[in-house]
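**Q** First the structure, which I've put down as structure tokens, then a few questions once you've had a look.
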Amino acid sequence: MPKYSRAEPGGGLDSVFRALADPTRRAIVERLARGPASVSDLAAPFDAALPTIVQHLKALEAGQVVSSAKIGRVRTYQLVPGAFGAAIEWLGRQRPPAERQLDRLAALLEKSAKTTQGEEQ
25 MPKYSRAEPG
35 GGLDSVFRAL
45 ADPTRRAIVE
55 RLARGPASVS
65 DLAAPFDAAL
75 PTIVQHLKAL
85 EAGQVVSSAK
95 IGRVRTYQLV
105 PGAFGAAIEW
115 LGRQRPPAER
125 QLDRLAALLE
135 KSAKTTQGEE
145 Q
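Structure follows, in structure tokens:
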């Protein structure tokens with residue numbers, strides 16, 4: 025059985041999944057998917073103290089899911105580009121063979137439809 029707790033460059037699977045393990049952190053990521061936001065903007069929809077939200081942001085930053093910049097007194101967070109790449113790739117490899125076959129069939133049918141449309145023109 026492979027070990028998944030090894031240290032991986034760029035954080036790796038463990039750090040990303042650990043960062044996303046909490047529903048509040050996932051909600052923060054959903055908000056940041058729309059664009060950068062300040063700590064106070066990120067904290068606004070939650071019934072939690074600001075220090076609690078800051079701890080969640082630190083966990084996301086430790087997992088290399090978000091990064092931050094401070095301008096004056098305002099700290100702004102944004103998603104790290106490509107942060108989910110390793111997790112998406114790993115999840116894709118876990119898909120059942122039947123699902124992968126259906127994806128290949130869909131791609132073949134789409135290619136066939138484009139070829140047929142090209143012949144009609």
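In this note's numbering, the protein residues as written are 25 to 145.
No residue lacks a Cβ here, since even glycine has one placed at the ideal position from N, Cα and C.
Since we're looking at a predicted model, the values are computed, not measured.
Taking DSSP as the reference, what is the three-state secondary structure of residue 128?
**A** DSSP places residue 128 in helix when its eight states are reduced to three.
**Q** Which whole-angstrom value describes the C-beta separation of residue 159 and residue 58, a residue pair presumed to lie in contact below a C-beta threshold of 8 Å?
**A** Nothing can be reported for residue 159: it is not among the residues displayed for the chain, which extend from 25 to 145.
**Q** Tell me the rounded alpha-carbon separation between residue 90 and residue 109.
**A** Cα-Cα distance, rounded: 14 Å.
**Q** For residue 99, which of helix, strand or coil comes out of DSSP?
**A** Note: residue 99 maps to strand in three-state DSSP.
**Q** Once you ignore the five residues that flank residue 78 on each side, which residues in its own chain have a CB closer than 6 Å to its CB?
**A** Correct list: empty, nothing qualifies.
**Q** In whole angstroms, what separates the C-alpha of residue 136 from that of residue 39?
**A** Straight-line Cα distance between these residues: approximately 41 Å.
**Q** Between the C-alpha atoms of residue 102 and residue 131, what's the straight-line distance to the nearest angstrom?
**A** Roughly 34 Å between the two C-alpha positions.
**Q** Going by the CB atoms, is the gap between residue 61 and residue 100 shorter than 8 Å?
**A** Taking 8 Å as the Cβ cut-off, residue 100 and residue 61 qualify as a contacting pair.
**Q** Assign residue 83 to one of three DSSP states: helix, strand, or coil.
**A** Helix.
**Q** Give the secondary structure of residue 43 by DSSP, where H, G and I count as helix, E and B as strand, and everything else as coil.
**A** In the structure shown, residue 43 sits in a helix (DSSP, three-state: H, G or I).
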